[in-house]
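Residue numbers (my numbering): 1 to 280. Ideal Cβ placement from N, Cα and C applies to all residues, glycine included.
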Ligand SMILES: C[S@@+](CC[C@H](N)C(=O)[O-])C[C@H]1O[C@@H](n2cnc3c(N)ncnc32)[C@H](O)[C@@H]1O
């Protein structure tokens with residue numbers, strides 16, 4: 001039998017996981033509005049036990065740990081060793097004694113004796129090869145009646161669409177792959193998310209779509225530089241064996257498209273996310 005999420009395990013323990021460490025500060029700034037959306041909806045209370053699924057470098061674990069102190073605890077769970085080590089280093093630097101990151105797969109992580117009060121996630125739940133099995137397991141990690149709150153990308157995000165269009169215009173279309181394959185956009189269809197959660201026996205599923213600003217305060221050139229390392233362009237370049245010249249041409253196509261979002265406060269890319277809430 002193949003190990004669960006073997007492909008994602010390789011991916012996030014290799015160069016892409018390391019890129020999320022290198023660009024952690026810029027990613028956290030860009031996605032801060034989404035962290036606030038999740039934490040405001042989840043409303044962690046003093047003394048609660050919180051699980052942050054796919055915690056990455058730990059930004060939302062830190063927010064949760066602060067919200068539940070004193071007496072509460074936040075655990076980040078992530079499949080990536082490098083990101084877990086980085087998150088634990090940040091918790092120590094922040095002087096937090098009620099936060100910790102563990103390396104593990106949310107799809108198979110053994111349930112503790114007592115489940116957490118709240119499981120949350122910012123963009124960490126779209127990478128399961130069997131999402132129903134993963135959410136059945138996540139439900140076991142939450143106490144009966146406890147909350148699940150996460151954000152996932154919706155359809156219609158220039159942050160993904162414009163770089164991909166520029167890359168396809170230069171290098172041709174991507175190889176077809178199943179529409180629901182694990183990846184950042186796997187949960188873009190609310191009906192699918194509802195089916196997965198109800199299939200995993202969560203109750204009271206609510207899905208609301210929100211417009212959020214994705215901010216790169218340093219502006220257009222920093223945003224373009226960021227796209228070189230993260231997102232669809234670097235993936236498409238690898239898939240198509242793109243050259244440096246291809247890369248420059250893609251950036252020349254993307255620059256005028258992103259320029260429309262350049263403001264006095266920096267590059268403000270409109271984002272669309274689903275905020276998903278349910279009960280275990
Ligand atoms: C897009 S990143 C988001 C990271 C973080 N939540 C944030 O907002 O900065 C997705 C994260 O999910 C983690 N991940 C992917 N599949 C996972 C799984 N099966 N179990 C636990 N974590 C997983 C990855 O290692 C990665 O850190």
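Query, Result
"Which one of 254, 80, 75 has the shortest CA to CA distance from residue 65?", "75"
"Answer yes or no: the CB of residue 21 versus the heavy atoms of ligand 1, is any distance below 7 Å?", "no"
"Sorted by chain position, which residues of the same chain lie with C-beta nearer than 7 Å to residue 219's C-beta, five sequence neighbours on each side aside?", "262, 266, 267"
"Looking at ligand 1, does it come within less than 7 Å of residue 159, judged from the CB to the closest heavy atom?", "no"
"Does at least one heavy atom of ligand 1 sit under 7 Å from the Cβ of residue 209?", "no"
"Nearest CA to the CA of residue 91: which residue from 108, 73, 270?", "73"
"State the CB to CB distance for the pair residue 136 and residue 200, rounded to an integer number of angstroms; the pair is presumed to be in contact (CB under 8 Å).", "5 Å"
"Sort 82, 244, 28 by Cα distance to residue 170 and report the nearest one.", "244"
"Anyone know if the C-beta pair for residue 174 and residue 229 falls short of 8 Å?", "no"
"Quick one: is residue 60 buried, meaning 16 or more other Cβ sit within 10 Å of its Cβ, or exposed?", "buried"
"What would DSSP say about residue 227, mapped onto helix, strand or coil?", "helix"
"Tell me whether residue 125 sits in a helix, a strand or coil according to DSSP, three-state version.", "coil"
"Can you grab the Cα-Cα spacing for the pair residue 217 / residue 22, in whole Å?", "17 Å"
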